[in-house]
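Chemist:
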Amino acid sequence: MTVSLSAIRRMFAFLLTASVSAFPALAQTSPPSSSKAGAFSLELNRLDGVGGDCRVTLVEKNGTPSTFAALKLDLVVFDGAGIVSKRVGVDAGPLKAGRTVVKTFDLKGLACGDVGRLLINDVLACEADGLAADACLDLVEPRSRVAAPFDK
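Dropping the structure here:
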């Protein structure tokens with residue numbers, strides 16, 4: 148079987164056109180995100196013992212188009228047996244749209260080894276551009292990098 152030079156050129160032109168036309172579609176593909184768009188990601192990143200207290204480090208990523216002037220969370224701490232050991236109000240705001248910040252707070256009188264789970268029980272205060280206050284809890288996506296789960 149012999150293939151003419153013009154057939155090879157036509158095949159090359161076809162393959163070149165097909166591959167070039169695929170590039171715009173590939174360029175529009177975004178990399179996978181660890182949190183869905185429009186969410187306020189709240190990550191329990193570290194638990195560090197400081198004296199007799201437990202220092203909690205949170206990484207907050209505002210993936211919403213709204214700036215949060217205020218966001219105060221009602222957090223409940225459970226021990227390893229599932230018994231409530233502490234309840235704290237944590238100020239997670241302010242946070243501009245698209246920003247990521249790190250915040251810390253101390254659980255006074257509680258050792259980190261006694262933290263079995265953290266629960267976002269409710270939102271105590273929420274002031275965000277274009278959002279109803281009762282929508283804030285739905286936007287918060289907790290996750291944990293430590294042994295203790297963090298949920299709502």
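No gaps in the numbering here: position 31 of the sequence shown is 178 in the numbering used here, and each next residue is one more. We treat Cβ as the ideally placed atom computed from N, Cα and C, and that holds for glycine.
1) Grab me the residues of serine 232's own chain with a C-beta within less than 7 angstroms of its C-beta, minus the 5 sequence neighbours each way, in chain order.
2) Looking at alanine 186 and the ligand FAD, is the gap between the Cβ and the nearest heavy atom below 7 angstroms?
3) If you run the structure through DSSP and keep just helix, strand and coil, what is glycine 260?
4) Can you name, in chain order, every residue of its own chain whose Cβ lies under 6 angstroms from the Cβ of glycine 240, other than the five neighbours on each side?
5) Whole angstroms are fine: how far does the CA of glycine 199 sit from the CA of leucine 284?
6) Less than 8 angstroms between the CB atoms is what I'm expecting for valine 293 and leucine 220, so what's the real figure, rounded?
7) Since valine 287 and leucine 189 are thought to touch, with beta carbons under 8 angstroms apart, how far apart are those beta carbons, to the nearest angstrom?
8) Can you give me the start and stop residues for the beta strand (DSSP E) that leucine 194 sits inside?
9) Can you give me the Cβ contacts of arginine 234 inside the same chain, cut-off strictly under 6 angstroms, excluding the 5 residues immediately before and after it?
Modeler: Straight from the coordinates:
1) Val224, Phe225, Asp226, Leu257 and Asp261
2) Of ligands this structure carries none, so the ligand FAD is not represented either.
3) In the three-state scheme derived from DSSP, where H, G and I count as helix and E and B as strand, glycine 260 is classed as helix.
4) Excluding sequence neighbours, glycine 240 sits near Phe215, Ala217 and Leu218.
5) 31 angstroms
6) Not a contact, Cβ separation roughly 18 angstroms.
7) 6 angstroms
8) 187-197
9) Val223
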